[in-house]
Amino acid sequence: MVQTPDIKNKSTVNRGKDPAKETILTPRFYTTDFDEMAKMDLSINEEELEAICEEFRKDYNRHHFVRNKEFEGAADKLDPKTREVFIEFLEQSCTSEFSGFLLYKELSRRIKDRNPLLAECFAHMARDEARHAGFLNKSMSDFNLQLDLGFLTANKDYTFFKPKFIFYATYLSEKIGYWRYIAIYRHFEKNPNDKIFPIFNFFENWCQDENRHGDFFDALMKAQPSTVRGFQAKLWCRFFLLAVFATMYIRDVGRKEFYEALGLNAREYDVYVIEKTNETAARVFPVVLDVNHSSFYKRLEKIVENNKRLSEIDKKKSSMFVKTIYKLPTYISNGYELIRLYLLKPLDSKDFQPLIR
Ligand SMILES: [Fe+2]
Ligand SMILES: [Fe+2]
Numbered sequence: 001m002v003q004t005p006d007i008k009n010k011s012t013v014n015r016g017k018d019p020a021k022e023t024i025l026t027p028r029f030y031t032t033d034f035d036e037m038a039k040m041d042l043s044i045n046e047e048e049l050e051a052i053c054e055e056f057r058k059d060y061n062r063h064h065f066v067r068n069k070e071f072e073g074a075a076d077k078l079d080p081k082t083r084e085v086f087i088e089f090l091e092q093s094c095t096s097e098f099s100g101f102l103l104y105k106e107l108s109r110r111i112k113d114r115n116p117l118l119a120e121c122f123a124h125m126a127r128d129e130a131r132h133a134g135f136l137n138k139s140m141s142d143f144n145l146q147l148d149l150g151f152l153t154a155n156k157d158y159t160f161f162k163p164k165f166i167f168y169a170t171y172l173s174e175k176i177g178y179w180r181y182i183a184i185y186r187h188f189e190k191n192p193n194d195k196i197f198p199i200f201n202f203f204e205n206w207c208q209d210e211n212r213h214g215d216f217f218d219a220l221m222k223a224q225p226s227t228v229r230g231f232q233a234k235l236w237c238r239f240f241l242l243a244v245f246a247t248m249y250i251r252d253v254g255r256k257e258f259y260e261a262l263g264l265n266a267r268e269y270d271v272y273v274i275e276k277t278n279e280t281a282a283r284v285f286p287v288v289l290d291v292n293h294s295s296f297y298k299r300l301e302k303i304v305e306n307n308k309r310l311s312e313i314d315k316k317k318s319s320m321f322v323k324t325i326y327k328l329p330t331y332i333s334n335g336y337e338l339i340r341l342y343l344l345k346p347l348d349s350k351d352f353q354p355l356i357r
């Protein structure tokens, strides 16, 4: 999955609600320089990429995403509050999966003749993401909702990223997706009564798809070592790690009710996912973040608090102009915290996890 932050345009959901406002936390749909991608010489890591492609060809989850009787009536068992947060979760996940599908599909189509190995890998990943998005969408229909994926495709804004930025962003979103899904799955293994909906039974195999997708980008970056070597690469890896971690943390803590409904503590869950993703990223990124530094979560919490303030100001009946004036100090404070987080001394990956490199 390309796990990008929250859903953007709720008018794409057929339930007659007002469209949600677009914020920095909304999901992104990406596009890139297809020409540069097509020309990529993979020779120095072709063997590994070929091996990963062979795994994709096996299509382990071909028969996995089949709905069973457990889904019948499951939606009606949720209390109204849980129902609301769960629907939001389905929408966001479906949009993220679908955004991955679109990107991989387009990449595969555009480089097909010039870079067949890469194109084939992208095609297999698009297949997986389409399956994930479709499966989520079916669960949404249990709640009489449906994401209008055609509308989404036609009306989304696409963010342009150069290939190396696509690698950083998608690598991290696949790996963080893996850790998010597996953590939820393991929690339900221990606490079966918390499982509020049968879709979670599918998470174990599902997250293996995401893990393979992440491994593919790991191998791809190793085939293009300039993406993960040198001073600039270090700066960008830090940037993407922070962007992904901060976005997730702020969003999850902001909707902690969903995690409570699953019997999870949003903060503890995110700390675990961040820790694991950071460790994993050390296998390919030259540096990772010092997430155990005493100031790391303190600063993130400050932003969470600031965001609460911002939404309180939004509820006031003043004009836009007055609201902006009120908000300014909070914006500055958020910027300050993010800069301080970014400047936190990173950990050199080779010292951090010598065993698994
Ligand atoms: Fe994926
Ligand atoms: Fe996925």
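The numbering used here numbers the first residue of the sequence shown as 1 and each following residue consecutively. We put the beta carbon where it would ideally sit given N, CA and C, even for glycine. From a predicted model like this one, the values you see are computed outputs, not experimental measurements.
Pick from the options that is closest to residue i, judged by C-alpha positions
| i | options | result |
| --- | --- | --- |
| Thr82 | Lys315, Cys121, Gly263 | Gly263 |
| Lys156 | Phe29, Ser311, Lys234, Lys350 | Phe29 |
| Lys298 | Arg267, Leu78, Asn201, Thr153 | Arg267 |
| Leu328 | Leu338, Leu310, Lys315 | Leu310 |
| Ala74 | Arg180, Ile196, Ile182, Asn137 | Ile196 |
| Ala282 | Asn45, Phe352, Leu242 | Phe352 |
| Ile44 | Tyr259, Gln224, Val253, Asp348 | Gln224 |
| Ile370 | Ala123, Leu149, Arg110, Ala246 | Outside the displayed range of the chain (1 to 357) lies residue 370, so it cannot be described from this structure. |
| Ile199 | Ala51, Arg67, Arg340 | Arg67 |
| Ser349 | Leu102, Arg229, Phe101 | Arg229 |
| Asp41 | Lys308, Leu118, Phe239 | Leu118 |
| Phe89 | Tyr181, Phe161, Phe71 | Tyr181 |
| Phe101 | Ala126, Lys315, Val273 | Ala126 |
| Glu275 | Gly150, Tyr259, Glu260, Asn292 | Asn292 |
| Pro80 | Lys316, Lys315, Phe258, Thr280 | Phe258 |
| Glu120 | Leu347, Ser108, Tyr178, Phe135 | Ser108 |
| Asn191 | Ala261, Leu147, Phe165, Arg212 | Ala261 |
| Arg251 | Glu305, Phe203, Thr227, Thr280 | Glu305 |
Assigned exposure category for residue i - 16 Cβ within 10 Å defines buried
| i | result |
| --- | --- |
| Glu36 | exposed |
| Ala133 | buried |
| Tyr336 | exposed |
| Gly214 | buried |
| His187 | buried |
| Arg340 | exposed |
Residue i to residue j span [Cα, whole Å]
| i | j | result |
| --- | --- | --- |
| Ser319 | Ile313 | 11 Å |
| Thr23 | Pro116 | Any answer about Thr23 is weak, because its pLDDT of 39 lies below 50 and its placement is not dependable; what the coordinates show is given next. So the alpha carbons of these two residues sit roughly 37 Å apart. |
| Phe375 | Cys53 | Past the edges of the chain, shown from 1 to 357, lies residue 375, and the structure says nothing about it. |
| Lys21 | Glu91 | Only weak support exists for where Lys21 lies, its pLDDT of 41 falling under 50; the coordinates are left without a value. |
| Ala154 | Ser295 | 42 Å |
| Lys39 | Glu174 | 24 Å |
| Ile184 | Thr32 | 32 Å |
| Lys308 | Asn334 | 12 Å |
| Ile332 | Lys112 | 46 Å |
| Thr277 | Leu241 | 9 Å |
| Lys138 | Ile325 | 44 Å |
| Leu25 | Leu300 | With a pLDDT of only 40 at Leu25, under 50, the local geometry of the prediction cannot be trusted, and the value read off the model is given with reservation. Distance between the alpha carbons of Leu25 and Leu300: 15 Å. |
Chain C contact for residue i (CB, 8 Å cutoff)
| i | result |
| --- | --- |
| Thr280 | This model lacks chain C altogether, as it is built from one protein chain only. |
Q) Is the stretch 94-102 in contact with the stretch 52-63, if contact means three or more CB pairs nearer than 8 Å? A) The stretch 94-102 vs the stretch 52-63: no contact.
Q: Report yes or no: do the stretch 285-295 and the stretch 207-219 share at least 3 C-beta pairs separated by less than 8 Å?
A: no
(Q) When you compare the stretch 226-244 with the stretch 191-210, are there three or more beta-carbon pairs, one atom per stretch, that lie closer than 8 Å? (A) no
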